[in-house]
Amino acid sequence: MKSIAGFVSAMHELFALELDDAERWRRVGVLLPMLLDDPELRASAKDWPTTQYANAATNLLFYEDPECKFVINGLVKDPHAATPIHDHAHTWTAYGVIEGSERVLRYTIAEGDGERAVLAPAGEYTVAPGYVDVVPPHEPHAEIAGEGRTVAVIVRSERVGGFPQNMYDLASGRIERRPGPTSIPHSL
Ligand SMILES: [Fe+2]
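So the numbering used here is basically just the index in the sequence shown, starting at one, shifted up by 66.
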């Protein structure tokens, strides 16, 4: 697909620059509309299968970069599907929706020893078409899909699923480590 090729080449130019990760990923967020606004990609999203039900998540894998390691994923949530509070471990994530919307609740770790954590709410906002969310490493958050089918395009700094991510239980403070979503190769 043309938009994927154009985005990958823009990503290679971006990764060739000397930047700190926060600035690099801010700029990935600026590039993401190359995918989100592409009519061909949006048309194909109508047929993407659901990847996230109640608490079980997978990601469609559209592209994995052999050199820079970033991946392009798709995520389709059923109405009202909610994730547990989790982080994305050491990875960066740029996240935008092309259909539907979801509420994101962010937290900071007020107190913690790696096994347990006291979380403090750190903001809540809606990710709707036209808004790109950039999620830094190790930041706890939860995502709650809205009324309709929610379709997201995600660019991650590497493929997830092969390393543990933290899942937080708000009431007990317990942290559980589980592998992130399994990637399901999907050609566009
Ligand atoms: Fe997340």
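We put the beta carbon where it would ideally sit given N, CA and C, even for glycine. Just so it is clear, the structure is predicted and the values come from calculations on it, not from any experiment.
By Cβ distance, which residues of its chain are closer than 8 Å to residue i, with the 5 residues on each side in sequence left out?
| i | result |
| --- | --- |
| P187 | L171, R172, Y173 |
For residue i, collect the residues of the same chain with a Cβ closer than 6 Å to its Cβ; drop the 5 residues on either side in sequence, then sort them by chain order.
| i | result |
| --- | --- |
| H152 | Q231, M233 |
| P150 | M233 |
| V142 | W114, T116, T117, V217 |
| G246 | V226, G227, Q231 |
| K135 | E224 |
Output yes or no for whether 8 Å exceeds the beta carbon distance between residue i and residue j.
| i | j | result |
| --- | --- | --- |
| E177 | A183 | yes |
| H146 | P203 | no |
| G212 | E181 | no |
| G221 | I138 | Sequence check: residue 221 is Val here, not Gly. Contact flag set, yes. |
| R215 | D103 | no |
For the candidate residues the options, whose alpha-carbon lies nearest to that of residue i?
| i | options | result |
| --- | --- | --- |
| V219 | M67, Q118, A160, P105 | A160 |
| G166 | E181, I175, E130, E209 | E209 |
| R243 | P195, G227, L185 | G227 |
| L80 | D131, M67, V94 | V94 |
| F73 | L107, E84, L85 | L107 |
| W158 | S223, K112, S69 | S223 |
| G196 | C134, L97, G214 | L97 |
| A123 | H78, A148, M100 | A148 |
Within a Cβ cutoff of 7 Å, which residues of the same chain sit near residue i, ignoring the five residues on either side of it in sequence?
| i | result |
| --- | --- |
| P132 | none |
Problem - Inter-stretch contact (C-beta, 8 Å, three-pair minimum) for the stretch 87-99 and the stretch 227-240 - result: Of all C-beta pairs linking the stretch 87-99 to the stretch 227-240, fewer than three are shorter than 8 Å, placing the two stretches out of contact.
Problem - Length-filtered (4 minimum) alpha helix (DSSP H) runs lying within the stretch 78-147 - result: 87-97, 99-102, 105-111
Exercise for the section: Quick one: which unbroken alpha helix (DSSP H) runs of 4-plus residues sit fully inside the stretch 180-224? Chain order, please. Expected result: none
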